[in-house]
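Structure record follows, encoded as structure tokens.
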Amino acid sequence: MKRIYACFTILAVIFGLAVWGGFAVRSFKTTMEDSLCGIAQEIPEDAPKAVALAEDCLQAFRGKEHILSIFIRRDYLANLDVSLCAIQAYAAQGDEKEAMAEIARANSQVYAMCHLFLRML
Amino acid sequence: MRILICRTLLIYLSVLVAMRLMGKRQLGELQPAELVSTILISNLASISIESADVPITASLVPLFLITVIEILDSILSVKYPWYAHLISGRPKAVIRDGTIDQGVLKELRLSVSDLLEALRAKDIFDIEDVAYAVVETNGSVSAAKKAERETVVLEDLALHPDSKKATVPFILDGQILLENLSYCDKTEVWLRRAASDRGISIQDILVAFGNEKEKIVWIRKENHPNTSDGSPV
């Protein structure tokens, strides 16, 4: 009967991990969407500010990457990292069109990543 | 490379823990539900070892979830027979009084040659010798011979065996097995004295077995310098 306690402990750990993972991924999605939206608004108006925001966004992403890699495939995270770096580079060059395209790409990656983690089937 | 080493170790230990939790049922002949979980676990374990991009939780969470399901499944099967029948099915009698039940054989999609093969594995070559044979839920065949075809045992001949207890090992690879000694009402002191009477050190013994009688069969380690041929002493 000791196994039943082990069983419930494992269930509790899995449930806890699922709840924590869901919370972490949702909060990451909100942060990234807000940041990307902010960058998109600043690019046509204030390029240096957009570059600073892109840098903040990249640092925020890298700060959470190790937690996200517990739940999300590393290749997806690596692709998002590349996109965020590209946004910063295009914004610094003043290449508005490319920067906006990369923002759209990053948004879509964040959406796909979170959708993969949070969907039921 | 480090990630592969760490993941392999972690997955190996996790699968080991999972199999231990599932218990000895998992190591013998498998019931359908146990077979399903074993197949799934073997596949899941390899996912995150093969691909470093996949998070380790992609293997560990399903692995332990399947373990939990398997444990709950076994607990429910013990507690509720109807559940066990639902999950594992029921044993089916295929031979009664030397006659094959062809309907059941058809239902089980088992050919006569499969049945004969299973019986031959049990040293039964004539179906007429079988009083009752069932196909168990794990697919194995169990057979009881007719009383007149059963092997003669000492009891049938009104003979009494010298020893009432089974012959068990007392020493394995130089290690004394106290539990077995206690089963045969012997002590470690008695064993050590018996060894010293024969001029053997316990560490030099590969295996020594006996029962409640005084006789012990000693087999020395072959590569030991004191040993000449490694044959029973």
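Sequence lines, in order, name chains A and B.
The numbering of the first sequence is the numbering used here, which starts it at 894 and goes up by one.
The numbering of the second sequence is the numbering used here, which starts it at 29 and goes up by one.
C-beta: ideal position from N, C-alpha, C; glycine also.
For residue i, three-class secondary structure by DSSP
{"i": "ASP257/B", "result": "Only weak support exists for where ASP257/B lies, its pLDDT of 40 falling under 50; the value from the coordinates is given anyway. ASP257/B falls in the coil class under three-state DSSP."}
{"i": "PRO11/B", "result": "In the structure displayed, chain B extends from 29 to 261; residue 11/B sits before or after that span and is not available."}
{"i": "ALA171/B", "result": "strand"}
{"i": "ILE247/B", "result": "strand"}
{"i": "SER1001/A", "result": "helix"}
{"i": "GLY909/A", "result": "helix"}
{"i": "LYS192/B", "result": "coil"}
{"i": "GLU62/B", "result": "helix"}
{"i": "VAL45/B", "result": "helix"}
{"i": "THR902/A", "result": "helix"}
{"i": "MET1006/A", "result": "helix"}
{"i": "ALA992/A", "result": "helix"}
{"i": "LEU93/B", "result": "helix"}
{"i": "ARG1012/A", "result": "coil"}
{"i": "ALA86/B", "result": "helix"}
{"i": "ALA985/A", "result": "helix"}
{"i": "GLY915/A", "result": "helix"}
{"i": "LEU32/B", "result": "helix"}
{"i": "LEU38/B", "result": "helix"}
{"i": "LEU185/B", "result": "coil"}
{"i": "GLU176/B", "result": "helix"}
{"i": "GLU78/B", "result": "helix"}
{"i": "SER70/B", "result": "helix"}
{"i": "LYS895/A", "result": "helix"}
Beta-carbon spacing of residue i, residue j below 8 angstroms
{"i": "TRP18/B", "j": "ILE228/B", "result": "Nothing in the structure corresponds to residue 18/B, since chain B is present only between 29 and 261."}
{"i": "SER976/A", "j": "ASP949/A", "result": "no"}
{"i": "GLY914/A", "j": "PHE954/A", "result": "no"}
{"i": "SER65/B", "j": "ILE39/B", "result": "no"}
{"i": "ILE980/A", "j": "ALA917/A", "result": "no"}
{"i": "ILE77/B", "j": "LEU32/B", "result": "yes"}
{"i": "GLU242/B", "j": "SER191/B", "result": "no"}
{"i": "GLU935/A", "j": "LEU951/A", "result": "no"}
{"i": "ALA992/A", "j": "ALA984/A", "result": "yes"}
{"i": "SER170/B", "j": "VAL162/B", "result": "yes"}
{"i": "PRO60/B", "j": "SER116/B", "result": "yes"}
{"i": "LYS249/B", "j": "ASP232/B", "result": "yes"}
{"i": "PHE901/A", "j": "LYS957/A", "result": "no"}
{"i": "ILE128/B", "j": "ILE155/B", "result": "yes"}
{"i": "ASP81/B", "j": "ARG967/A", "result": "yes"}
{"i": "LEU970/A", "j": "VAL1003/A", "result": "no"}
{"i": "LEU49/B", "j": "ARG896/A", "result": "yes"}
Buried or exposed (CB count within 10 angstroms, at least 16 for buried), residue i
{"i": "ASN251/B", "result": "exposed"}
{"i": "ASP257/B", "result": "Confidence in ASP257/B is poor, its pLDDT being 40 and thus under 50, which makes the residue's placement too unreliable to answer from."}
{"i": "ILE932/A", "result": "buried"}
{"i": "MET925/A", "result": "buried"}
{"i": "PHE908/A", "result": "exposed"}
{"i": "ILE996/A", "result": "buried"}
{"i": "VAL158/B", "result": "buried"}
{"i": "ALA236/B", "result": "buried"}
{"i": "VAL83/B", "result": "Before going on, a small fix: residue 83/B reads as Pro here, not Val. Buried: at least 16 other Cβ atoms inside 10 Å."}
{"i": "SER1001/A", "result": "exposed"}
{"i": "MET1006/A", "result": "buried"}
{"i": "VAL96/B", "result": "buried"}
{"i": "GLU62/B", "result": "buried"}
{"i": "SER42/B", "result": "buried"}
{"i": "SER259/B", "result": "Legend: pLDDT at SER259/B = 44, less than 50; position of this residue unreliable, value from coordinates given subsequently. So SER259/B ends up on the exposed side."}
{"i": "LEU114/B", "result": "exposed"}
{"i": "ALA46/B", "result": "buried"}
{"i": "GLY131/B", "result": "exposed"}
{"i": "LEU219/B", "result": "buried"}
{"i": "ARG30/B", "result": "exposed"}
{"i": "ALA238/B", "result": "Rather than Ala, the amino acid found at residue 238/B in this sequence is Gly. Per the 10 Å Cβ criterion, buried."}
Proximity test, Cβ basis, 8 angstroms: residue i and chain D
{"i": "ILE94/B", "result": "As a matter of chain content, chain D is missing from the structure shown, whose protein chains are A and B."}
Cβ contact (3+ pairs, closer than 8 angstroms) linking the stretch 121-137 of chain B and the stretch 63-77 of chain B: no
Every unbroken alpha helix (DSSP H) within the stretch 918-983 of chain A, with a cutoff of 4 residues, ordered by chain: Taking 4 residues as the minimum length, the alpha helix (DSSP H) runs contained wholly in the stretch 918-983 of chain A are 940-961, in order along the chain.
Within the stretch 97-169 of chain B, ranges of the alpha helix (DSSP H) (whole runs, at least 4 residues): 109-116, 130-135, 140-148
The stretch 142-153 of chain B / the stretch 72-91 of chain B touching (three or more Cβ pairs under 8 angstroms): no
Inter-stretch contact (C-beta, 8 angstroms, three-pair minimum) for the stretch 134-143 of chain B and the stretch 91-108 of chain B: no
Ranges of the beta strand (DSSP E) found wholly within the stretch 197-242 of chain B, counting only runs of at least 3: 233-238
Meets three-Cβ-pair contact criterion under 8 angstroms: the stretch 207-225 of chain B and the stretch 166-185 of chain B: no
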